[in-house]
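Reviewing the structure listed below.
In this note's numbering, the protein residues as written are 13 to 123.
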């Protein structure tokens with residue numbers, strides 16, 4: 013009973029508070045960084061899987077690396093390794109977004 017109450021409260025907090033904030037940050041991130049990048053690649057006629065995967069990785073990794081550098085001014089070697097892992101994870105999330113965009117865009121061009 014106690015565990016189910018804790019889980020229900022956790023989900024309520026997630027859907028009520030955290031989800032709208034995460035959604036807003038994600039949409040702003042995609043519009044501010046992703047849209048200009050895609051328009052630039054379209055203008056260069058270089059809208060391929062590898063270019064969108066690289067762009068997505070950079071869009072995911074660079075802002076988190078910038079925040080990590082601002083947050084940690086005294087980085088020791090162990091912290092730098094963990095920061096690199098975290099930044100790489102954000103880059104891979106961005107890469108998956110770029111790859112997903114490529115396949116949706118390709119499907120839309122076929123129709």
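We treat Cβ as the ideally placed atom computed from N, Cα and C, and that holds for glycine.
Look up residue 101 in the DSSP assignment and say whether it is helix, strand or coil. Here the question's residue 101 lines up with position 89 in the chain shown. The answer is helix: DSSP assigns residue 101 an H, G or I state.
Which value, in whole angstroms, describes the spacing of the CA atoms of residue 116 and residue 95? Translated into positions along the chain shown, residue 116 becomes position 104. Translated into positions along the chain shown, residue 95 becomes position 83. Whole-angstrom Cα-Cα distance: 32 Å.
Whole-angstrom Cβ separation of residue 8 and residue 59, contact assumed at under 8 Å? Past the edges of the chain, shown from 13 to 123, lies residue 8, and the structure says nothing about it.
Contact defined as beta carbons within less than 8 Å: I believe residue 106 pairs with residue 72. What is the distance between those atoms, to the nearest angstrom? By 1-based counting over the chain shown, the position of residue 106 is 94. By 1-based counting over the chain shown, the position of residue 72 is 60. Yes, residue 106 and residue 72 are in contact; Cβ-Cβ is about 2 Å, under 8 Å.
Given a cut-off of 8 Å on the beta-carbon distance, is the pair residue 33 and residue 68 in contact? Against the chain shown, residue 33 aligns to sequence position 21. Against the chain shown, residue 68 aligns to sequence position 56. For residue 33 and residue 68, no; Cβs fall outside 8 Å.
Range covered by the alpha helix (DSSP H) that runs through residue 51: In the chain shown, counting from the first residue as 1, residue 51 sits at position 39. Run containing residue 51: 47 to 55, per the alpha helix (DSSP H) assignment.
Given a cut-off of 8 Å, decide if residue 76 and residue 99 are closer than it, judged by their beta-carbon atoms. Within the chain shown, the letter at position 87 stands for residue 99. Within the chain shown, the letter at position 64 stands for residue 76. Contact flag set, yes.
Buried versus exposed, by CB contacts within 10 Å (16 or more), residue 81: Walking along the chain shown from the start, residue 81 turns up at place 69. By the 10 Å Cβ count, residue 81 comes out exposed.
Give me the residue from 62, 63, 102, 57 with the minimum Cα distance to residue 79. Mapped onto the chain shown, residue 79 falls at position 67. When only C-alpha atoms are compared, the closest one is 102.
Within the same chain, show all residues whose beta-carbon is closer than 7 Å to that of residue 63, passing over the 5 residues directly before and after it, in chain order. For the purposes of this step, residue 63 is identified with residue 51 of the chain shown, where counting begins at 1. Correct list, in chain order: 53.
Length of the line joining the Cα atoms of residue 74 and residue 113: Along the chain shown, read from residue 1 onward, the residue named residue 74 stands at position 62. Along the chain shown, read from residue 1 onward, the residue named residue 113 stands at position 101. Whole-angstrom Cα-Cα distance: 19 Å.
Using a Cβ-Cβ cut-off of 8 Å (strictly less than) and excluding sequence neighbours within five positions of residue 48, which residues of its own chain qualify? In the chain shown, counting from the first residue as 1, residue 48 sits at position 36. Cβ neighbours of residue 48 beyond the five flanking positions: none.
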